[in-house]
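Enquirer:
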Amino acid sequence: MPHYQLDHLTALEHEAIHVLREMAAERERPCLLFSGGKDSIVLLRLAEKAFRPARFPFPVMHVDTGHNFPEVIEFRDRRVRELQERLVVASVEDSIRRGRVVDPKGPRASRNRLQTTTLLDAIEEQRFDALIGGARRDEERARAKERIFSHRDEFGQWDPKNQRPELWSLYNTRLKQGEHFRVFPISNWTELDVWQYVKRERLELPSIYYSHERSVFARDGMLYAAAECVERLPSETPFREVVRFRTVGDMTCTGAVRSRAATIEDVIAEVAASRQTERGATRADDRATEAAMEDRKKEGYF
Amino acid sequence: MSAPGTFMAMESGAELLRFSTCGSVDDGKSTLIGRLLYDTKSIFEDQLAHVEDVSRRRGDEYTNLALLTDGLRAEREQGITIDVAYRYFATPRRKFIIADTPGHIQYTRNMVTGASTANLAIVLVDARQGVVEQTRRHALITSLLRIPHIVFAINKMDLVGWDEGVFRKIEAELRGFAARMDVADVSFIPLSALHGDNVVERSDKGPWYKGPALLHQLEHVHIASDRNLIDVRFPVQWVVRPQAKDHHDYRGYAGQVAGGVLKVGDEVVVLPSGFGSRIARLENFDGPLDEAFAPMSVTVHLADDVDVSRGDMLCRPANRPVVGQDLDAMVCWMGDLPLTPKNRYALKHTTRNVRALVQGIEYRLDVNTGHREQGVAKLERNDLGRITLRTTAPIFYDEYRRNRTTGSFILIDESTNGTVAAGMLLSEPR
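Those protein sequence lines, which keep their order, are chains A and B. Residue numbers for the first sequence follow the working numbering, so the first one is 1 and each next one is one higher. Residue numbers for the second sequence follow the working numbering, so the first one is 1001 and each next one is one higher.
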């Protein structure tokens, strides 16, 4: 590195810290969305970098479908406790109990889409005006167009054709009553950047990101965890396989990949050599239609 | 997207280069980006399969790499790029962020947005058409936004038989134009995006061309000296004051360095108060630092207990920014309603928010010809023009050409909250 030049990962890190501080300074009731996945684990570290030695100027919120991997829930609780920060859990089970949404039944049922209602209800109840998320522009076509401060109207909707221009590092953080922002500090990071950062910062991840043996079944060319909450068709017989997960979502829509990558170095090598995007390889929720993500985002999805 | 197969060198820490691409579908811009991604193996199988599938369904003759970059449903349906899209790829030397911007005049504001953060701009020229109105517009906007490096990619050379005369004529015309535009670093590359000639690899077509392929230029352009390392500018973004017994006396000023090099022990002045102090400590989460430079996000501790808050700026006593309320600026207008004198807006500059009154419009700049049209009553959406503003409180700024961070601002319409202008500050106030 030449003198007075940052390597790319440090440059991205400093940009993200700037975004977090700008949001904290200009919004009254922010909140950090934490899924237990690697991207939101990176967000927690960036929040430490932006605000320590003080506490975070916002709570951490998890939208729990009730169908999450137990390893991830255990990790979530432990990580937030270690950080001594406040955890808010918005529960899809609660939304179902209160009759806000109907629990879909059957082998292909997923609560993925229900999360939007639970999330928007929590935003309204807690009067959050900025939700920090770990979405990246390299993940998906519609996300490539999304702003770092992404505006949502009073219905929580995204209007991709009418976004505020984002110039230099000057963020327009103004809102009207009832509107909110989704704030994406790691917009410019790629999957590989995230993994390199996890390594550099020695961040602990839920065990399911690393190779392990588990009972799985095959569906639509993907492997799913055999679990009580995922109803199988009669032909879908579970078998043991050595796998890991590239993304962490609801068990009903997150596929595993066959992998022997047991350490962070192995995973980086695997990601670098991968010929499939992480969502393309393992997310059933993006496969529904060509614009599946754009449509869900317009409704208020993450 | 991350680049498969390139992580080994990346791990040692590559530099980041942000570049924008200007041009329209007709110039082969999307094809060029698709080619860069494809030939650097930055496209994944599922993305390629998707593009092949859509191309086939649309009845395209060849795999339309442009489909990789057009993300929104409306864009795919209409076959146009509406908004700025960001793309990522990496080589062992550098990691690249592409701001892919639409070329049509009605999307000038999107071009300005993409250009605002770019270190380099690629301006596409169709070799068959030569320098057209759109080329001049793109070069003009690029120079106004002070992108330090411009690469003119003379595309579709295959369709003019790799004729050196065609290339040299375009080069000569654009060199003259660039000289008038005061652009520091300009280069010209003949290429064919469709066939991949001179994009990633040097091509043996057109042996008269002795320069590098486009990717080589992107990997080697010298960007280290593009930032201002002379004028110390530290806009205070956030005051860190832990409400805890362990850190009772802790008071740190956090922010992103906007210029110069801050060093422990340096004398500093706080604006607007004018109080002097010394940098007692520089730190970030990972520990103490000896110095900090742009664009580092750091926390500064001062030796004296002076009053400092968000929106203030630290600088050196003998090198201060302009402190002023009467601003002279070049703006790109982005609002639905026109800008007219006497309008009021919110103005955001570094970490400072003030309000501004439009005093007058000096001229409207014809982005196609560079002609300054005086006596205009308003600026419409996508217009560029020079205006004067009066702010409710002083801001601390430098000329945009000297510092892109302390020289830029945005205007916000307070009734709609829309971002209505990108502004670049000119000389000192009159």
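Positions of the beta carbon are idealized from the N, C-alpha and C atoms, including for glycine.
Counting only Cβ pairs nearer than 7 Å, list the residues of chain A close to H1247(B).
Expert: One-based indexing of the second sequence puts residue 1247(B) at position 247. Per Cβ cutoff of 7 Å: P53.
Enquirer: For the region 1135-1143 of chain B and the region 1366-1373 of chain B, state whether three or more C-beta atom pairs, one from each stretch, are separated by less than 8 Å.
Expert: Verdict: yes, contact present.
Enquirer: In three-state terms, what does DSSP make of I1410(B)?
Expert: On the second sequence, position 410 is the one that residue 1410(B) refers to. In this structure, I1410(B) counts as strand in the three-state DSSP scheme.
Enquirer: Cβ of Q177(A) less than 7 Å from any chain B Cβ?
Expert: Taking the first sequence and counting its residues from 1, the one referred to as residue 177(A) is at position 177. Taking Cβ atoms only, chain B never reaches closer than 7 Å to Q177(A), which makes this a no.
Enquirer: Is there at least one Cβ from chain B nearer than 7 Å to D266(A)'s Cβ?
Expert: In the first sequence, residue 266(A) corresponds to position 266, counting from 1. No, D266(A) lies away from the interface with chain B (no Cβ there is under 7 Å from its Cβ).
Enquirer: Since F1152(B) contacts V1183(B) with CB under 8 Å, what's their CB separation in whole angstroms?
Expert: In the second sequence, the residue the question calls residue 1152(B) occupies position 152. In the second sequence, the residue the question calls residue 1183(B) occupies position 183. Not a contact, Cβ separation roughly 11 Å.
Enquirer: For the region 196-222 of chain A, which segments carrying the beta strand (DSSP E) assignment without a break, of at least 3 residues, lie completely within its bounds, in sequence order?
Expert: Correct list: 212-219.
Enquirer: Output, in sequence order along the chain, the residues in the region 1233-1261 of chain B whose CB is closer than 8 Å to any CB in chain A.
Expert: Within the region 1233-1261 of chain B, the qualifying residues are Q1237, W1238, V1240, R1241, P1242, Q1243, A1244, D1246, H1247, Y1250, A1254, G1255, Q1256, V1261.
Enquirer: Just to confirm the assignment, what range does the beta strand (DSSP E) spanning Y1363(B) have?
Expert: Taking the first residue of the second sequence as 1, we reach residue 1363(B) at position 363. 1352-1365 is the extent of the beta strand (DSSP E) around Y1363(B).
Enquirer: By the three-class DSSP mapping on this structure, what secondary structure does M1010(B) have?
Expert: Locating residue 1010(B) in the second sequence gives position 10, where the first residue counts as 1. Bear in mind that the predicted position of M1010(B) carries a pLDDT of just 42, short of 50, making it too unreliable to give a figure here.
Enquirer: Which first and last residues belong to the beta strand (DSSP E) in which E1291(B) is found?
Expert: For this step, residue 1291(B) is matched to residue 291 along the second sequence. Element bounds for E1291(B): 1291-1293.
Enquirer: Which term fits T1419(B), buried or exposed, when burial requires 16 or more other beta carbons within 10 angstroms of its beta carbon?
Expert: To locate residue 1419(B), count along the second sequence from 1; it is residue 419. Label assigned to T1419(B): buried.
Enquirer: Beta-carbon separation of E236(A) and R45(A) under 7 Å?
Expert: On the first sequence, residue 236(A) is found 236 positions in, with the first residue counted as 1. On the first sequence, residue 45(A) is found 45 positions in, with the first residue counted as 1. Contact: no.
Enquirer: Alpha carbon to alpha carbon, how far is N1403(B) from R1227(B)? Give it in angstroms, no decimals.
Expert: Indexing the second sequence from 1 puts residue 1227(B) at position 227. Indexing the second sequence from 1 puts residue 1403(B) at position 403. Computed Cα separation, rounded: 8 Å.
Enquirer: Where do the N-terminal and C-terminal ends of the alpha helix (DSSP H) with P70(A) fall, by residue?
Expert: Counting from 1 along the first sequence, the entry for residue 70(A) is found at position 70. First-last of the alpha helix (DSSP H) with P70(A): 70-83.
Enquirer: Between the beta-carbon of R131(A) and the beta-carbon of G300(A), is there less than 7 Å?
Expert: As a working mapping, residue 131(A) is identified with position 131 in the first sequence. As a working mapping, residue 300(A) is identified with position 300 in the first sequence. In the sequence under discussion, the amino acid at residue 131(A) is Leu, which differs from the Arg named in the question. Their beta carbons are not under 7 Å apart, which means L131(A) does not touch G300(A) by this criterion.
Enquirer: Please list the partners that R164(A) has in chain B, where partner means a Cβ-to-Cβ separation under 7 Å.
Expert: Walking along the first sequence from the start, residue 164(A) turns up at place 164. The contacting residues are G1418, T1419.
Enquirer: Within this structure, are the beta carbons of Q1243(B) and T1351(B) separated by less than 7 Å?
Expert: Along the second sequence, one-based indexing puts residue 1243(B) at 243. Along the second sequence, one-based indexing puts residue 1351(B) at 351. Contact: no.
Enquirer: Excluding the 5 residues preceding and the 5 following R305(A) in the sequence, name in chain order all residues of the same chain whose CB lies nearer than 7 Å to its CB.
Expert: Missing from the structure shown is residue 305(A); chain A here goes from 1 to 302 and no further.
Enquirer: State yes or no: is the beta carbon of T190(A) nearer than 7 Å to at least one beta carbon in chain B?
Expert: Taking the first sequence and counting its residues from 1, one reaches residue 190(A) at position 190. Closer than 7 Å to some Cβ of chain B, the Cβ of T190(A) qualifies, so yes.
Enquirer: Helix, strand or coil for Y1107(B), going by three-state DSSP, please let me know.
Expert: For the purposes of this step, residue 1107(B) is taken as the residue at position 107 of the second sequence. Correct three-state label for Y1107(B): helix.
Enquirer: Which whole-angstrom value is the C-beta distance of Y224(A) and A261(A), which I expect to be below 8 Å?
Expert: Position 224 of the first sequence, counted from the start, is the residue given in the question as residue 224(A). Position 261 of the first sequence, counted from the start, is the residue given in the question as residue 261(A). That belief does not hold up - the Cβ atoms of Y224(A) and A261(A) are roughly 19 Å apart, past 8 Å.
Enquirer: Just the chain A side, please: which residues come within less than 8 Å of F1409(B) by C-beta, in chain order?
Expert: On the second sequence, residue 1409(B) is found 409 positions in, with the first residue counted as 1. Chain A residues near F1409(B): L170.
Enquirer: Using only the alpha-carbon positions, how far apart do G1111(B) and A1421(B) sit?
Expert: Sequence index remark: in the second sequence, residue 1111(B) carries index 111 (1-based). Sequence index remark: in the second sequence, residue 1421(B) carries index 421 (1-based). The question names Gly, yet the displayed sequence has Met at residue 1111(B). About 13 Å.
Enquirer: If contacts are defined as beta-carbon pairs under 8 Å, then G1360(B) and T1388(B) qualify, I think. What distance do you get, rounded to the angstrom?
Expert: If you number the second sequence from 1, residue 1360(B) lands on position 360. If you number the second sequence from 1, residue 1388(B) lands on position 388. Rounded, the Cβ-Cβ distance is 5 Å, consistent with contact.
Enquirer: So which of S259(A), D129(A), K199(A) has the shortest CA-CA distance to L9(A)?
Expert: On the first sequence, residue 9(A) is found 9 positions in, with the first residue counted as 1. Residue K199(A) is the option with its Cα nearest to L9(A).
Enquirer: If you draw a straight line from the alpha carbon of Q84(A) to that of P53(A), how long is it in whole angstroms?
Expert: Residue mapping note: residue 84(A) aligns to position 84 of the first sequence, counting from 1. Residue mapping note: residue 53(A) aligns to position 53 of the first sequence, counting from 1. Taking the straight line joining both Cα atoms gives about 12 Å.
Enquirer: Could you pull the start and end residues of the alpha helix (DSSP H) that T173(A) belongs to?
Expert: On the first sequence, position 173 is the one that residue 173(A) refers to. Looking at the DSSP string, T173(A) is not in any alpha helix (DSSP H), and its letter there is neither H nor E.
Enquirer: Is there a Cβ from chain B that is less than 7 Å from the Cβ of E48(A)?
Expert: Here the question's residue 48(A) lines up with position 48 in the first sequence. Yes, contact with chain B.
Enquirer: Which value, in whole angstroms, describes the spacing of the CA atoms of T1416(B) and K105(A)?
Expert: Your numbering for residue 1416(B) matches position 416 in the second sequence. Your numbering for residue 105(A) matches position 105 in the first sequence. Answer to the nearest angstrom: the Cα atoms are 43 Å apart.
Enquirer: Determine, for I1412(B), whether the minimum Cβ-Cβ distance to residues of chain A falls below 7 Å.
Expert: Numbered from its first residue, the second sequence carries residue 1412(B) at position 412. Yes - at least one Cβ of chain A is within 7 Å of the one on I1412(B).
Enquirer: Quick one: Cα of I186(A) to Cα of L12(A), how far?
Expert: Within the first sequence, the letter at position 186 stands for residue 186(A). Within the first sequence, the letter at position 12 stands for residue 12(A). Approximately 8 Å between the Cα atoms of the pair.
Enquirer: What residue does the alpha helix (DSSP H) around K1095(B) start on, and which one ends it?
Expert: Position 95 of the second sequence, counted from the first residue, corresponds to residue 1095(B). Per DSSP, K1095(B) belongs to no alpha helix (DSSP H); it is in the beta strand (DSSP E), 1094-1100.
Enquirer: Grab the span of the alpha helix (DSSP H) containing G16(A) for me, first residue to last.
Expert: Position 16 of the first sequence holds residue 16(A). The sequence as given places Ala at residue 16(A); Gly does not occur at that position. Where A16(A) is concerned, the enclosing alpha helix (DSSP H) stretches over 8-26.
Enquirer: Excluding the 5 residues flanking M1008(B) on each side, which residues of the same chain have their C-beta closer than 6 Å to its C-beta?
Expert: Sequence index remark: in the second sequence, residue 1008(B) carries index 8 (1-based). Summary for M1008(B): the model assigns pLDDT 36, below 50, so the residue's position carries little reliability, and this model does not support an answer.
Enquirer: Measure the beta-carbon distance from E28(A) to T173(A) and round it to whole angstroms, keeping in mind my assumption that it falls under 8 Å.
Expert: The residue labelled residue 28(A) in the question sits at position 28 within the first sequence. The residue labelled residue 173(A) in the question sits at position 173 within the first sequence. Not confirmed; about 10 Å, so no contact.
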